[in-house]
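K.L.:
Residue numbers (the numbering used here): 54 to 531.
Here it is: the structure, laid out below.
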């Protein structure tokens, strides 16, 4: 059996950003956010049929590389990555390319990271003719994420449609090509077909992407998932979940729309559910379990410490039945999909959740970490601002000396200040200096510097220089 949404088709126009950065009024935003990618097989000597055949081969290979995740990962909207051959309108239907899309709504950061990582790994071995552009329906999310690491010449909107993935590298069509604006899709294909060797490799962006996303893939994304045991009272729903593991997340989200108990009491629902011997281990993001605990409360009207497997199982079955009746999902009971013992999902040690407070603790820890990071950031900014203020005072004093043609040695300055300003006798100063030097030496005569930091010297110098500056100003006023 397979289950899929009926409203899950995306126009390929969302693959391209406007060259001037201004969205057309006719390009209304989609209700959900979709990741989009276009894969082109470019060889200036290849005819249309050759290009089409090569793309069809890559379509099969990419589908195989995505298959495990497409089937088993609990995507927010049931389906994984969809792909089909489309054509660039600018080339009058003669430029085929592989268009892929995936709804990432409600789990954007994780799902975009997963898809990009999978495609990135594929492109490493796909050959020099394969180029991929990737974005989402809100814009170029990779440029947004790593904007600070891109050369300044790719400032908005010049960067639009210039970023491409090629042979496992982030490459940019140079800003010198059609400068001052983004570039059209046909201009991209023309440049990549004839002058791809002029593309700039974005090394800093590459390093950051590998460090933040790719190097921890896939474990960082699998670690965010949780298992919860359910009792499923409906055989059709159980079959749907078993053959479409990602269905559970979508059902949980949709369960918020309707928590009607269909005229039965909670006690009756639980009693009916308990008669079923069918159980299911549901794998979902922790964030979706928060939704499930909310719906459980809406159905029962009671706060519970744990996820009730019977109530939660009934919630998913009730939602599944409602979505089929309303035509929001399509149910096909003829699938021959078999479990894959080699799947990474079959062997990964997912954490099981039973108590609601376990999920709440995950988000409490996340919020605490975010608060701690923000506090540290604010404290760091305050310290830097204070240090900048100290340095500015020091610069002010030094600039004054330069304007007055005063060139003063630090040792001479301290001697002058202590003897003239503070009235220390020359004899006392000599005795203090001798004592201080001897105390600052180890037995072997090596200076001890561990207990004295640079900040101490800077603060003393700032304070004394500032007093001296004030004394000079007062002297000039007299």
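Ideal placement from N, C-alpha and C gives every residue a C-beta, glycine not left out.
Since this is a predicted model, take the numbers as computed values, not measurements.
At a cut of 8 Å, does the region 252-268 reach the region 152-172 through at least three beta carbon pairs?
P.N.:
Taking 8 Å as the limit for Cβ pairs, the verdict is that the region 152-172 does touch the region 252-268.
K.L.:
Does the Cβ of residue 248 have 16 or more other Cβ atoms within 10 Å, making it buried, or fewer, making it exposed?
P.N.:
The residue in question, residue 248, is exposed, as its Cβ has fewer than 16 Cβ neighbours within 10 Å.
K.L.:
Residue 394 CB to nearest chain C CB: under 7 Å?
P.N.:
The chain inventory of the structure shown lacks chain C, comprising one protein chain alone.
K.L.:
Assign residue 332 to one of three DSSP states: helix, strand, or coil.
P.N.:
Strand at residue 332.
K.L.:
With a Cβ-Cβ cutoff of 7 Å, do residue 182 and residue 96 count as a contact?
P.N.:
Closer than 7 Å, so yes.
K.L.:
Is residue 122 helix, strand or coil when you go by DSSP?
P.N.:
Residue 122 falls in the helix class under three-state DSSP.
K.L.:
Hey, how far is the Cα of residue 65 from the Cα of residue 89?
P.N.:
Taking the straight line from one Cα to the other gives about 8 Å.
K.L.:
Please confirm whether residue 305 and residue 341 have their CB atoms less than 7 Å apart.
P.N.:
Going by C-beta atoms, residue 305 is nearer than 7 Å to residue 341.
K.L.:
Could you compute how far the alpha carbon of residue 405 sits from the alpha carbon of residue 205?
P.N.:
Cα to Cα, residue 405 sits roughly 47 Å from residue 205.
K.L.:
Taking C-alpha atoms, which residue in 343, 209, 184 lies nearest to residue 414?
P.N.:
Checked all of 343, 209, 184; the closest Cα to residue 414 is 343.
K.L.:
Going straight from the alpha carbon of residue 376 to that of residue 383, what length do you get?
P.N.:
Each residue's alpha carbon lies about 9 Å from the other.
K.L.:
Taking the beta strand (DSSP E) that residue 187 belongs to, which residues open and close that run?
P.N.:
Taken as a continuous stretch (DSSP letters only), the beta strand (DSSP E) holding residue 187 covers 183-189.
K.L.:
So, helix, strand or coil for residue 216, using DSSP?
P.N.:
Strand.
K.L.:
Between residue 151 and residue 100, what straight-line distance do the alpha-carbon atoms span, to the nearest angstrom?
P.N.:
Answer to the nearest angstrom: the Cα atoms are 16 Å apart.
K.L.:
Once the 5 residues before and after residue 349 are set aside, which same chain residues still bring their CB inside 8 Å of it?
P.N.:
Result list for residue 349: 357, 360, 361, 364, 365, 368, in chain order.
K.L.:
Just reading off the alpha helix (DSSP H) that residue 365 is part of, what are its end residues?
P.N.:
Start and end: 362-378.
K.L.:
Going along the chain, which residues of its own chain have a beta-carbon closer than 7 Å to the beta-carbon of residue 134, five neighbours each way excluded?
P.N.:
Within the same chain, residue 134 has close Cβ partners 119, 123, 153, 155, 168.
K.L.:
Span of the beta strand (DSSP E) holding residue 91?
P.N.:
87-94 is the span of the beta strand (DSSP E), which, as asked, contains residue 91.
K.L.:
From residue 322 to residue 353, what distance separates their C-alpha atoms?
P.N.:
Roughly 10 Å between the two C-alpha positions.
K.L.:
Please report how far the alpha carbon of residue 351 lies from the alpha carbon of residue 158, in whole angstroms.
P.N.:
Whole-angstrom Cα-Cα distance: 24 Å.
K.L.:
Determine, using beta carbons only, whether residue 303 and residue 138 come nearer to each other than 7 Å.
P.N.:
No, these two residues do not count as a Cβ contact at 7 Å.
K.L.:
When you compare only the Cα positions, how much space is there between residue 125 and residue 380?
P.N.:
Near 24 Å, if we compare the C-alpha coordinates of residue 380 and residue 125.
K.L.:
Considering Cα atoms alone, identify which of 218, 104, 62, 346 is closest to residue 252.
P.N.:
Comparing Cα-Cα distances from residue 252 to each of 218, 104, 62, 346, the minimum goes to 218.
K.L.:
Does the Cβ of residue 127 have 16 or more other Cβ atoms within 10 Å, making it buried, or fewer, making it exposed?
P.N.:
By the neighbour-count rule (16 or more Cβ atoms within 10 Å), residue 127 is buried.
K.L.:
Is residue 174 helix, strand or coil by DSSP?
P.N.:
If DSSP states are grouped into helix, strand and coil, residue 174 belongs with the helices.
K.L.:
Which of helix, strand or coil does DSSP assign to residue 236?
P.N.:
Reduced to three states, the DSSP call for residue 236 is coil.
K.L.:
According to DSSP, simplified to helix, strand and coil, what is residue 192?
P.N.:
If DSSP states are grouped into helix, strand and coil, residue 192 belongs with the strands.
K.L.:
Name the DSSP bridge partner or partners of residue 359?
P.N.:
According to DSSP, residue 359 bridges with 408.
K.L.:
Could you tell me whether the region 281-295 touches the region 332-341, where touching means 3 or more Cβ pairs closer than 8 Å?
P.N.:
Counting Cβ pairs under 8 Å, three or more are found: they touch.
K.L.:
What did DSSP end up calling residue 252 once you bin it into helix, strand or coil?
P.N.:
Residue 252: coil per DSSP, three-state reduction.
K.L.:
Just to confirm before moving on: does the CB-CB distance between residue 208 and residue 215 stay below 7 Å?
P.N.:
In this structure, residue 215 does not lie closer than 7 Å to residue 208 by Cβ.
K.L.:
Using the C-alpha atoms, what's the distance from residue 271 back to residue 72?
P.N.:
The straight-line gap from Cα to Cα measures roughly 35 Å.
K.L.:
Please identify the residue among 407, 374, 114, 203 whose C-alpha is closest to the C-alpha of residue 262.
P.N.:
That would be 203, whose Cα lies nearest to the Cα of residue 262.
K.L.:
Expressed to the nearest angstrom, what Euclidean distance is found between the alpha-carbon atoms of residue 197 and residue 148?
P.N.:
So the two alpha carbons sit approximately 29 Å from each other.
K.L.:
Measuring alpha carbon to alpha carbon, tell me which of 254, 239, 114, 336 ends up nearest residue 399.
P.N.:
Measuring from the Cα of residue 399, the nearest candidate turns out to be 336.
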